[in-house]
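Report on one structure; see the data block that follows.
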Amino acid sequence: GAVVSQHPSRVICKSGTSVKIECRSLDFQATTMFWYRQFPKKSLMLMATSNEGSKATYEQGVEKDKFLINHASLTLSTLTVTSAHPEDSSFYICSAYPTSANTGELFFGEGSRLTVL
Amino acid sequence: QKEVEQDPGPLSVPEGAIVSLNCTYSNSAFQYFMWYRQYSRKGPELLMYTYSSGNKEDGRFTAQVDKSSKYISLFIRDSQPSDSATYLCAISRAGNNRKLIWGLGTSLAVNP
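Chains X and B supply the protein sequences, listed in that same order.
Under the numbering used here, the first sequence is numbered contiguously, ending at residue 227.
Under the numbering used here, the second sequence is numbered contiguously, ending at residue 512.
Dropping the structure here:
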């Protein structure tokens, strides 16, 4: 299956700093990528839809100035958590589907665990 | 009513058992049905994907969709300890809408 790579897999930062998470589609082009957040023992919560070359679409309740998304190329989307606080600690997961595929099949990255001290 | 309902479990079975995992959904507009497996602290991994009523088999896994009842199932035969994970159902609408609606996930433990 298609491979989506996420980096870093784990990051610890101090409160007030910003953290960038990268999501890459390794063997396919992805016009659209999705960013999720997952709390312990909870399902995935869609945060935003990242569109190559245009602004991301954020879900209701997600602060776009807090969670900056950039989709500069067909294989890379980044999520920057700005001025992170302990309540931002969570598991962040990206997903993508091949632009050429006309199905609903999504492939996920391994996730990035953010801990804000 | 939630768009997708899934019993979170936990479900505990002995090795070799047949496991049945289920989800129900409320809107007949949903046409694509997926099952993902998620190990602890990892991203979800696509297990099964289908868009029509009936059964789809892949090794020990069988996905079943009943659109008339808005009910989807995942069966695992000859379950193994390595199958211990959280299983999430996900659905999406027809066409190019890839925005998935997720179940809560069912935590499964297969005991040796």
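Glycine included, C-beta positions come from ideal geometry on N, C-alpha and C.
Every value quoted in this text rests on a predicted model; they were computed, and no experiment measured them.
So, with DSSP's three-state summary, where would you put D137 (chain X)? Along the first sequence, read from residue 1 onward, the residue named residue 137 (chain X) stands at position 27. Taken through DSSP and simplified to helix, strand or coil, D137 (chain X) comes out as coil.
Review point. Taking only beta-carbon atoms, is L154 (chain X) less than 7 Å away from chain B?
Key: If you number the first sequence from 1, residue 154 (chain X) lands on position 44. When Cβ-Cβ separations below 7 Å define contact, L154 (chain X) makes contact with chain B.
Exercise. So which residues of chain X does K499 (chain B) contact, with C-beta pairs closer than 8 Å?
Worked result: Looking up residue 499 (chain B) in the second sequence gives position 99. Within chain X, the residues F144, L156, T159 have their CB atoms less than 8 Å from the CB of K499 (chain B), given in chain order.
Next on the checklist: Please list the terminal residues of the continuous beta strand (DSSP E) segment that includes I418 (chain B).
Outcome noted: Mapped onto the second sequence, residue 418 (chain B) falls at position 18. For I418 (chain B), no beta strand (DSSP E) segment is defined, and its DSSP state is neither H nor E.
Notebook entry, point to check: Under three-state DSSP, which class holds E215 (chain X)?
Noted result: The sequence position of residue 215 (chain X) within the first sequence is 105, counting from 1. Note: E215 (chain X) maps to coil in three-state DSSP.
Discussion item. Between L421 (chain B) and chain X, is the shortest Cβ-Cβ distance under 7 Å, so that the two count as touching?
Written reply: On the second sequence, residue 421 (chain B) is found 21 positions in, with the first residue counted as 1. Chain X contact via Cβ: absent.
Cα-Cα separation between V191 (chain X) and S426 (chain B), rounded to whole angstroms: Start at 1 with the first residue of the first sequence, and residue 191 (chain X) comes out as number 81. Start at 1 with the first residue of the second sequence, and residue 426 (chain B) comes out as number 26. Straight-line measurement puts the Cα of S426 (chain B) at about 34 Å from the Cα of V191 (chain X).
inquiry  = Contact between the segment 480–489 of chain B and the segment 434–446 of chain B is defined here as three or more beta-carbon pairs at a separation below 8 Å; is this criterion met?
reply    = With the cut-off at 8 Å, the segment 480–489 of chain B and the segment 434–446 of chain B touch.
Where the beta strand (DSSP E) through H195 (chain X) begins and ends = Along the first sequence, read from residue 1 onward, the residue named residue 195 (chain X) stands at position 85. Neither: H195 (chain X) is in no beta strand (DSSP E) and is coded neither H nor E.
Exercise. For a contact meaning CB atoms closer than 7 Å, what does W502 (chain B) contact in chain X?
Worked result: Sequence index remark: in the second sequence, residue 502 (chain B) carries index 102 (1-based). Within chain X, the residues near W502 (chain B) are S153, L154.
Practice problem: Determine the direct distance from the alpha carbon of G221 (chain X) to that of E415 (chain B), and round the result to whole angstroms. | Solution: In the second sequence, counting from the first residue as 1, residue 415 (chain B) sits at position 15. In the first sequence, counting from the first residue as 1, residue 221 (chain X) sits at position 111. Rounded to whole angstroms, E415 (chain B) to G221 (chain X) spans 29 Å at the Cα level.
Under 8 Å, with one C-beta from each stretch per pair, do the segment 166–177 of chain X and the segment 120–138 of chain X reach the 3-pair mark?
In short, these stretches do not touch, since the Cβ pair count stays below three.
(message) So, for T450 (chain B): in the same chain, excluding its five sequence neighbours on each side, which residues have a beta-carbon less than 6 Å away from its beta-carbon?
(response) Translated into the one-based positions of the second sequence, residue 450 (chain B) becomes position 50. Cβ neighbours of T450 (chain B) beyond the five flanking positions: F433, K456, A463, V465.
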